[in-house]
Each structure stands twice: as structure tokens, then as C-alpha cells.
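Protein chains in written order, with this note's numbering: chain A, 457 to 893; chain B, 30 to 278.
Glycine included, each C-beta is placed from N, C-alpha and C at the ideal position.
Just so you know, these numbers come straight off a predicted model, no measurement behind them.
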């Protein structure tokens with residue numbers, strides 16, 4: 457049975473448990489039909505030209521994995537930002553872990569998607585927001601059909617989340633292959649502020665395929681800093697789709713750190729609906745072996761006087777492959793905007809590959825749009841300069857990589873997180889440089 | 030201290046140095062002069078261990094130890110310092126972080142622990158004052174947007190921090206106005222002592238008014254063709270290099 461067929465039959469079983477009269481029922485059925493028609497994306501599609509899912513689709517995934525594996529906090533502590541206090545929404549194999557979580561309903565809602573989807577007091581919110589920002593590509597539809605758990609976050613008007621929120625999805629790898637489909641919904645109301653850190657983490661080397669969808673709504677003057685830490689094990693793959701809708705004067709930054717995993721695809725979509733919005737898309741990709749990271753970004757400018765800034769840095773070693781497909785779409789009425797896109801790549805080995813494809817589609821005539829893309833190697837002259845000062849080759853290379861990624865790293869506004877990312881990079885390069893940029 | 034014995038070197042199969050021998054003792058200042066393309070910078074690079082330059086024949090020793098097979102960083106650990114003619118810009122690394130890393134990497138190579146932060150700060154302040162370097166300058170990205178003078182001053186600041194046994198100053202005077210030149214030269218002179226040595230590579234005699242050499246060598250076509258005292262530098266300034274060429278014929 458193909459994965460698609462397996463998903464179809466699993467859906468029928470899943471659907472049986474759902475309330476037939478729920479308005480969501482139609483949404484799910486429609487989404488499933490759409491997935492059935494489109495199927496998994498193939499390399500024939502322009503947006504998937506450089507990323508093939510074929511090797512992932514022939515595994516025998518468990519669609520609703522058993523979840524009887526207990527996790528001890530001490531074993532997973534390192535995946536949390538444990539030196540500061542945070543809200544935590546934690547899932548183990550797709551099921552909420554109250555033991556590892558710290559949620560709240562006090563002024564702000566940091567809780568569960570399952571509550572939001574099933575409890576009547578949330579029904580008007582779900583009707584207003586659920587699946588309203590997401591697009592209808594096949595994998596997003598698949599997630600919508602199966603959506604039942606994830607983080608639900610709502611920050612009320614003029615409120616600020618006092619602590620960062622960590623959303624962590626653990627996969628225990630109890631079964632040989634697991635498929636997970638978390639679904640997050642985040643609503644940040646007028647003038648509210650939140651910082652969120654998202655992570656998908658496998659706890660062993662079994663196959664995991666995560667098809668995650670997150671919708672984020674920013675009302676007027678809302679402010680969101682979102683950090684994605686992707687440093688998963690060698691057989692864990694992630695398709696992460698994030699859809700963001702911004703109302704006027706809101707600011708949203710998404711920082712994606714892709715350091716590990718078998719295949720990672722980031723679909724990051726911004727839609728600016730009101731004037732004076734600012735969208736910030738930052739990324740550092742640092743991978744090796746046969747790892748693959750694909751960044752597919754879209755900033756859709758609809759309103760006037762807005763800004764968007766993209767800065768993606770990539771360092772590829774061994775036979776690693778990277779894709780940067782960044783699109784800026786400017787509607788005719790989106791005048792006086794400032795859109796900037798930068799993608800710089802370093803290929804460390806001769807076998808590493810990057811496919812970079814910046815795209816600007818501009819229908820307005822009074823805008824400032826620019827993009828730049830570079831592909832190169834570590835600067836040999838700079839390397840000699842550092843070594844001539846007594847810095848060993850490995851450390852000198854590390855220093856140059858840090859320096860290369862610095863413009864993105866300095867955008868991390870949580871100092872503890874920044875320290876953590878610095879450490880992840882140092883571990884990755886195999887140096888013990890206490891290098892504080 | 031430094032012994033260069035019959036060194037031949039090439040870059041991309043082009044012969045640049047064709048049999049250079051030079052002996053530098055502790056406490057001495059040597060000037061190396063010569064026309065463009067004579068091999069002055071190649072000599073500096075080959076002592077510092079730049080990989081693109083291939084030493085095809087001969088040996089370089091520091092205190093009797095052959096360093097010709099050593100990497101650039103290992104030579105630095107032995108006390109070799111090269112002040113670059115064109116210091117490299119490295120965005121994202123501040124001057125302070127860079128020098129801290131360099132000092133601690135040198136200490137690590139010697140089996141020492143990192144320098145305590147307070148000692149490091151004190152040393153940075155002391156050496157920055159010596160070279161009249163503004164504190165704000167130290168938090169800027171290494172060489173990025175620096176003027177020619179700032180770049181050279183920064184090189185000498187690094188030298189002051191690292192306290193090398195042998196400092197090679199490659200065209201440190203180029204791009205400097207007279208005031209900056211005086212500051213840099215004054216810095217070098219203060220760092221000079223009986224245990225270290227300096228090799229000054231320059232086109233012009235001007236710098237040698239401030240950093241006074243014990244010996245002056247002229248390189249032409251990859252060879253040292255004439256050696257003398259400071260007087261030789263004045264002659265070169267006055268008459269150019271042609272008379273040496275004629276002498277050689």
C-alpha cells in the first residue's frame with residue numbers, strides 16, 4: 457500500500473471519530489479531497505524542482521503512532537531553553553505531555569489545539585481563523601485533514617507574553633517509521649507581543665516524517681518574534697509550512713536555524729494586509745553529509761508603505777544540498793514599499809550544492825525592491841590572516857563561518873537562545889571557541 | 030634568531046625568490062628595500078607560512094628550529110608576526126573579539142589556560158593607549174571600513190598584544206600620513222627590545238627615519254643584491270635603484 461493509500465484509509469478511520477455536524481468536518485473533507493487529487497508534490501512542480509520526497513514516501517509510516525513511551529525530563533532537558541523560565545507546549549509522538557509542559561490561561565492563552573478545536577467556547581475563533589491563512593497546497597491540505605493537536609496561542613489585546621513560549625514536538629521513534637502532523641494556531645491581537653521558539657526533535661535514529669503547519673495572525677501593531685530550531689537526527693525529515701497574515705503596523709520576524717535532519721523543507725509565507733507592516737525573514741543553514749535543506753519563501757505585499765527584509769545564509773559541507781527559492785510578490789496597489797532579499801552561500805566541499813532562485817514579481821511602479829545572491833567559498837586570504845595570528849585552521853574556519861552568519865545571529869533577541877545557537881554552531885563545527893559575537 | 034638559508038620560492042610555478050640568505054639576531058632591526066615585484070612581500074609571506082607560496086629550496090629557522098614545514102599558525106606560536114600590507118576585512122568579528130581569540134589560541138598552543146578577562150582588558154587598554162586607538166574602534170568589525178591608517182595601526186595593535194619574537198612589517202608605511210606614520214613607528218619602537226627583532230619592508234626611506242634600522246638589504250629579482258647600514262637607504266632615496274643595477278653589471 458502506498459503512503460497515499462495508507463493516509464486515505466487512515467483518514468476514513470479518523471473521520472469516524474469526528475462529530476459529523478462540526479463545521480470543521482467540511483473543512484477536513486475538502487482538504488482531504490484536495491490532497492487526494494493533487495497527491496504528494498513531485499519534482500515536476502516548479503516549487504519542488506530541487507527537492508524530491510520520493511525517498512521519504514516509500515517508508516511504512518505509522519500515521520497514529522503508539523504513545524506509551526514515557527520520557528524523563530532529565531533526558532530531554534537539553535532541548536529546552538532551560539536557563540530561563542518559559543511557557544512550554546510539549547508533544548510526544550503527537551500527543552500532549554502535561555508533565556513536560558507549562559501552559560497558561562492567565563491573561564494569555566498558551567494551550568492546546570485539541571482544546572481549541574473541540575471546546576465550544578473556542579468555536580467562533582476556530583471559525584474565524586482556522587485554515588484561513590493556510591494555502592491549499594497538497595501537504596498543507598493533508599495536515600488540515602488530520603489536524604488534531606498542536607499549540608494554540610492567543611495573546612489578547614495590549615498584552616505581552618512575559619516569557620518566551622517553547623513549542624516542542626518529540627518523536628520517540630518507538631516505531632520504525634513515524635509520521636507526525638502537528639498543527640499550530642497563533643493569534644496575536646492588537647498591540648500584543650510574543651516570542652516563540654519551535655523545535656521538532658527525534659530521540660533516536662528511526663525514520664520520522666513531520667508535516668507541520670502553523671498559522672500566525674497579527675492584528676494591528678502586533679509584534680511576533682518566531683524562532684525555528686531545526687537540528688534533528690539523521691533520519692528525521694521535516695516539511696514545515698508557516699502562514700503569516702499581518703494587519704497594519706505589525707512586525708513579524710521568523711528566524712530559521714537549520715543545522716540538521718535528513719530533509720528539511722521550509723515553506724514560509726507572509727501576507728501583508730495592512731499598511732506599514734514589517735516582515736523579517738532570517739535564516740542560517742549549516743549542514744553536511746547528505747542533508748538537504750530547502751527554503752521556500754513568499755512575501756506577498758498587498759498594502760502600501762510596507763517593508764520586508766530577507767537574509768538567508770547557507771554553509772554546505774560534504775554532499776549537502778541546499779535550495780533557496782525566495783519570492784517577493786508586489787501587488788499593483790502596494791506602492792512605496794521597501795523589499796529587500798539577500799541570500800549568501802558558502803560551499804565548503806566540492807560535492808556540496810546550492811540551488812538559489814530569487815524571484816521578484818512587481819506590479820507596482822513606485823517601490824524599492826532589491827535582491828542579491830552569492831555563492832562562494834571561504835576566503836583563503838582571510839583564513840591566512842587569522843592563521844598568521846596563531847588561530848589554528850579549524851578554529852579560523854569556524855570564526856569565518858560565525859562571522860558569515862553573524863548578521864542573522866545578531867537578530868536573535870533572546871540572549872539565552874543566542875548563546876544556545878552559538879553553542880550548537882560550535883558543536884557542529886567541532887570547535888571549542890567561546891566566541892561571543 | 031632568524032636564519033634564512035639559500036631560499037628559493039615560487040608561486041603558481043613562477044620563480045620569485047632565487048636564493049635568499051639572511052640572518053637576523055635578537056635586538057636588531059633590518060630593513061628590506063627594493064623595486065616593485067622584486068620579491069619583498071613574497072619573502073614576508075614565505076616566512077609567515079602562506080600556503081600559496083612554495084618553498085622549492087632552502088631552509089628557514091627560528092632559534093635553530095626549522096620552520097619550513099610548519100603551518101602559519103604554528104609559526105605564529107613560535108613568535109612570528111606579519112603585519113599585512115593589505116589587512117583583510119572580516120565583517121562580523123570585532124577587533125576585540127579577534128584579538129582575544131588570537132591570544133587565547135596562542136596560549137592554548139603553549140598549554141596555557143585562557144587569559145583572565147580582567148588581565149585581557151587591562152592589556153587591551155594599555156596597548157590601545159600606546160597606539161592612540163579610540164576605544165570605540167575596538168568594537169568595530171575587523172578592518173571593515175577602516176581607513177588605510179586605521180588598518181595599519183590595527184596591525185601594530187595586534188603586534189603589541191601578541192608580543193612576537195620576530196615582527197615583519199610589510200609596507201606598513203603605505204597609506205599613512207605623516208602623523209599616523211609617527212604614531213605607528215613610535216609604537217613599534219616602544220615594543221622593540223633586546224629579545225625581539227623587526228624586519229621592515231618598505232619602498233621608501235621615510236619610515237626608516239622613525240624606525241631606525243641596523244641593517245638595510247636591497248632585493249632585486251629575487252635576490253639580496255646589496256646590504257649595508259642606514260646610509261644605504263639614503264643613497265637609494267637619492268639615486269633610486271638603477272645605480273645598483275649598473276653596479277651589478
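- Listed by position along chain A, the residues whose Cβ is nearer than 9 Å to that of residue 119 of chain B are 835, 838, 841, 842, 855, 856 and 859.
- For residue 863 of chain A, the nearest CB of chain B lies under 8 Å from its own CB, placing it at the interface with that chain.
- With contacts defined by Cβ atoms closer than 8 Å, residue 91 of chain B and residue 195 of chain B form a contacting pair.
- Per DSSP, residue 794 of chain A lies in no alpha helix (DSSP H); the unbroken beta strand (DSSP E) holding it starts and ends at 794 to 803.
- The C-alpha of residue 686 of chain A is placed about 11 Å away from the C-alpha of residue 624 of chain A.
- For residue 830 of chain A, the secondary structure class from DSSP, reduced to helix, strand or coil, is strand.
- Comparing alpha-carbon positions, the option among B:246, B:236 and B:232 lying closest to residue 65 of chain B turns out to be B:232.
- Per the coordinates, the alpha-carbon of residue 130 of chain B lies some 7 Å from the alpha-carbon of residue 847 of chain A.
- When 9 Å is used as the limit between beta carbons, residue 849 of chain A is near these residues of chain B: 100, 101 and 102, in chain order.
- Taking the C-beta atoms as reference points, residue 571 of chain A is found nearer than 8 Å to residue 608 of chain A.
- Look at residue 506 of chain A here: in three-state DSSP terms it is coil, with no helix or strand label.
- Nearest CB-CB separation between residue 196 of chain B and chain A: not below the 8 Å threshold.
- Chain order gives no chain A residues near residue 124 of chain B, where near means a beta carbon separation below 9 Å; the closest approach is about 12 Å.
- Contiguous alpha helix (DSSP H) elements confined to the stretch 118 to 190 of chain B occur at 124 to 138, 146 to 159 and 164 to 167, taking only those with 4 or more residues.
- In terms of beta-carbon proximity, residue 220 of chain B stays away from the interface with chain A, with every pair separated by 8 Å or more.
- Any Cβ of chain A closer than 8 Å to the Cβ of residue 187 of chain B would place that residue at the interface, and such an atom is present.
- Between the alpha carbons of residue 152 of chain B and residue 191 of chain B lies a gap of roughly 10 Å.
- Contacts between residue 135 of chain B and chain A, judged by CB atoms closer than 7 Å, involve 846 in chain order.
- Within the stretch 241 to 271 of chain B, no residue places its CB atom closer than 9 Å to a CB of chain A.
- For the stretch 70 to 100 of chain B, residues whose beta-carbon sits nearer than 8 Å to a beta-carbon of chain A comprise 77, 78, 79, 80, 81 and 100.
- Annotation for residue 91 of chain B: the continuous beta strand (DSSP E) segment containing it runs 82 to 91.
- Rounded to the nearest angstrom, the Cβ distance from residue 602 of chain A to residue 467 of chain A is 7 Å, consistent with a contact under 8 Å.
- Taking a C-beta distance under 8 Å as the contact criterion, residue 628 of chain A and residue 548 of chain A qualify as a contact pair.
- Counted as a single uninterrupted DSSP element, the alpha helix (DSSP H) harbouring residue 860 of chain A occupies residues 849 to 865.
- Residue 702 of chain A is a Cβ neighbour of residue 726 of chain A, given a cutoff of 8 Å.
- Around residue 106 of chain B, the beta-carbon contacts reaching into chain A at under 7 Å are 846.
- Ranking A:769, A:767, A:782 and A:778 by CA distance to the CA of residue 756 of chain A puts A:782 first.
- Contact between the stretch 611 to 624 of chain A and the stretch 632 to 651 of chain A is present: 3 or more CB-CB pairs across the two stretches fall below 8 Å.
- Within chain A, not a single residue places a beta-carbon under 7 Å from that of residue 38 of chain B; the smallest gap is close to 15 Å.
- Within the model, the alpha-carbon separation for residue 662 of chain A versus residue 799 of chain A is close to 33 Å.
- Runs of beta strand (DSSP E) with 3 or more residues, each lying fully within the stretch 178 to 265 of chain B, are found at 195 to 199, 226 to 230, 244 to 249 and 252 to 257, listed in chain order.
- Taking the C-beta atoms as reference points, residue 881 of chain A is found nearer than 8 Å to residue 742 of chain A.
- Scanning its chain for C-beta atoms nearer than 6 Å, with the 5 sequence neighbours on each side dropped, one finds around residue 730 of chain A the residues 703, 704 and 759, in chain order.
- Here DSSP, grouped into helix, strand and coil, assigns residue 696 of chain A to strand.
- Between the stretch 705 to 719 of chain A and the stretch 827 to 834 of chain A there are fewer than three inter-stretch CB-CB distances shorter than 8 Å, so the stretches are not counted as touching.
- For residue 610 of chain A, the three-state secondary structure derived from DSSP is strand.
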